[in-house]
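The working numbering applies: residue 919 is where the sequence shown begins, and numbers increase by one. Notes follow the structure.
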Amino acid sequence: MIEREFDRQARDQALRLQRFFLAQWVYGITYVVIAVTWATGAYIGSLGMALSHYGFGVATQAVFFVMFRTNFNLRFKDPSLTSPQIIVALLLQTYLLAMVGPIRGIILAAYCLILLFGVFQLSRIAYLAHAAFALACYGGLIILNQQLDIYPQTLSIALLEWFVLACFMLWLTILGSYIRELGERLQRRHSTLQQHQQSLRSMMDELQNLATTDVLTGLPNRRHFLDEAQRRMTLQRDGQTLGLALIDLDHFKRINDLYGHSAGDEVLQGFARIARANLRGEDMVARFGGEEFVLLLSNCDLSSLQHCVERIRLNLARTSFPSLPDEVYCTLSAGLCLIQPEDSLELRISQADEALYRAKAGGRNCSQTHQDAYA
Ligand SMILES: Nc1nc2c(ncn2[C@@H]2O[C@H](COP(=O)(O)OP(=O)(O)OP(=O)(O)O)[C@@H](O)[C@H]2O)c(=O)[nH]1
């Protein structure tokens, strides 16, 4: 669990770094633009100012890089540091705009490019706040330019540029909302699909359970027993034997007739409980049908099989059931035999059945072993 969480965190960090490197491409292109504007004389500042763009750019990005590499970013509410990265980029962009007088209009579009990075990460309100911040930056620059006369500008043109920028931002906001809604819809669909998958899986489990379990006693049913016995026989090694016991509750019809069907049910459940309590984890008890049960003991010789069945017989004979009068006890009869690897399961079951018949005929409340089991 912790490992999975660790993997997820590493994956998220890798994704954040990837996004960071993508942003570095924008910085790289900006550096080229600065060099070209300087070389062509469009840059109105000094060489030192031109170089300061590179200085600020590299320094701020180095800080972000170190934060991502040292996992320092994980201490923040938004570990992607989307907002600080966008704000730094907007400020650097405004500084650049202040210095590229004649081509300011073209470079203005970079505000939108920067804000694109927040489309998926920021909430609608936060996104609008960042767009407003960008407009405020450029508005501030217009006012500053007007006051200090850094570069000759026609106020009406500057305001028109600001207005066009605001329109682009609005368009970007609408696009951002649309993309975000698409993402959310996709996410919702994905989680609905996951829920469907989960309920389908649990329905399949339930179906599997229903198909293999007897509802009344919670024991495996006849079909499951036969499959499981067959499977265990294929795993049997030479010389190993499985113990098979067919068990039938004595005069069970009388219990039903005298004390009611629910009393009979209680006895069946009681037998299941006793049998389970007297078996090892690797042994199996199943309801074979009606008041008939079957035991399959792993790696077991005749004497262990007889002892085990005897233990269960005595336990049942001593158990009093709330639905039955105090002096009424239930007994069982059993037919036993051993299964060897090459045996036919069907034949062994019929031999156990034949031994069970003898136990019933011999007075009940006892077990008989098929003579082949002694061979
Ligand atoms: N309460 C209850 N009775 C069941 C259930 N399944 C089968 N029975 C009853 O078990 C009884 C089995 O009766 P019989 O086959 O005549 O056997 P018996 O009365 O145990 O007699 P012997 O086997 O000869 O000792 C029938 O009355 C069935 O109705 C069940 O799930 N619940």
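A virtual CB, placed ideally from N, CA and C, is assigned to each residue, including glycine. All values derive from a computational prediction rather than experimental measurement.
So what does DSSP say about residue i, is it helix, strand or coil?
| i | result |
| --- | --- |
| residue 1085 | helix |
| residue 1209 | coil |
| residue 1030 | helix |
| residue 1293 | Low per-residue confidence applies at residue 1293: pLDDT is 48, beneath 50, and the placement is therefore not dependable, though the value from the model is reported in the following sentence. Note: residue 1293 maps to coil in three-state DSSP. |
| residue 1246 | coil |
| residue 1203 | strand |
| residue 1265 | helix |
| residue 1270 | helix |
| residue 957 | helix |
| residue 1282 | coil |
The beta strand (DSSP E) that contains residue i, what's its start and end?
| i | result |
| --- | --- |
| residue 1054 | First-last for residue 1054: 1042-1066, but that is the alpha helix (DSSP H), not the beta strand (DSSP E). |
| residue 1255 | 1250-1257 |
Could you say which of the options lies nearest to residue i if we only look at CA atoms?
| i | options | result |
| --- | --- | --- |
| residue 1250 | 1256, 1268, 934 and 1211 | 1211 |
| residue 975 | 959, 946 and 960 | 946 |
| residue 1189 | 1143, 1238, 1005 and 1147 | 1238 |
| residue 1194 | 1218, 1171, 1226 and 1217 | 1226 |
| residue 957 | 1018, 1109 and 935 | 1018 |
| residue 1075 | 1066, 1061, 1219 and 1087 | 1061 |
| residue 1248 | 1232, 1286 and 1263 | 1232 |
| residue 1158 | 1259, 1207, 1269 and 1064 | 1259 |
| residue 1170 | 1083, 1126, 1207 and 1220 | 1207 |
| residue 1085 | 1256, 968 and 1029 | 1029 |
| residue 1184 | 994, 1240 and 1277 | 1240 |
| residue 1229 | 1243, 1284 and 1278 | 1284 |
| residue 1027 | 1186, 1082 and 1274 | 1082 |
| residue 937 | 925, 1280, 1016 and 1035 | 1035 |
| residue 1209 | 1196, 1216 and 1172 | 1172 |
| residue 924 | 980, 989, 972 and 960 | 989 |
| residue 1350 | 1282, 1254 and 1046 | Residue 1350 is absent from the model: the chain starts at 919 and stops at 1293. |
| residue 1136 | 1058, 1150 and 1187 | 1187 |
| residue 1161 | 939, 994 and 1253 | 1253 |
| residue 1218 | 955, 1155, 1072 and 1166 | 1155 |
Could you give the first and the last residue of the continuous alpha helix (DSSP H) run that contains residue i?
| i | result |
| --- | --- |
| residue 1287 | No alpha helix (DSSP H) holds residue 1287; the beta strand (DSSP E) holding it covers 1285-1287. |
| residue 1001 | 1000-1017 |
| residue 1222 | 1220-1236 |
| residue 1184 | 1179-1195 |
| residue 1022 | 1022-1025 |
| residue 964 | No alpha helix (DSSP H) holds residue 964; DSSP gives it neither H nor E. |
Is residue i near ligand 2 - that is, is its Cβ less than 7 Å away from at least one heavy atom of it?
| i | result |
| --- | --- |
| residue 1228 | Among the ligands modelled here, namely ligand 1, ligand 2 does not occur. |
In chain order, which alpha helix (DSSP H) runs of at least 4 residues are fully inside the region 1103-1169? Listed in chain order, the complete alpha helix (DSSP H) runs (minimum 4 residues) inside the region 1103-1169 are 1140-1153.
For the region 1052-1063 against the region 1002-1020, do three or more pairs of beta-carbon atoms, one drawn from each stretch, fall closer than 8 Å, so that the two count as touching? Yes, they touch.
Inter-stretch contact (C-beta, 8 Å, three-pair minimum) for the region 1093-1100 and the region 1032-1050: Flag = yes, the region 1093-1100 and the region 1032-1050 touch.
With three or more C-beta pairs closer than 8 Å as the rule, is the region 985-1002 touching the region 1023-1039? As far as the Cβ criterion goes, the region 1023-1039 touches the region 985-1002, which means the pair count is three or higher.
So, do the region 1259-1279 and the region 1136-1153 have three or more beta carbon pairs nearer to each other than 8 Å? Yes: the two stretches touch, three or more of their Cβ pairs being nearer than 8 Å.
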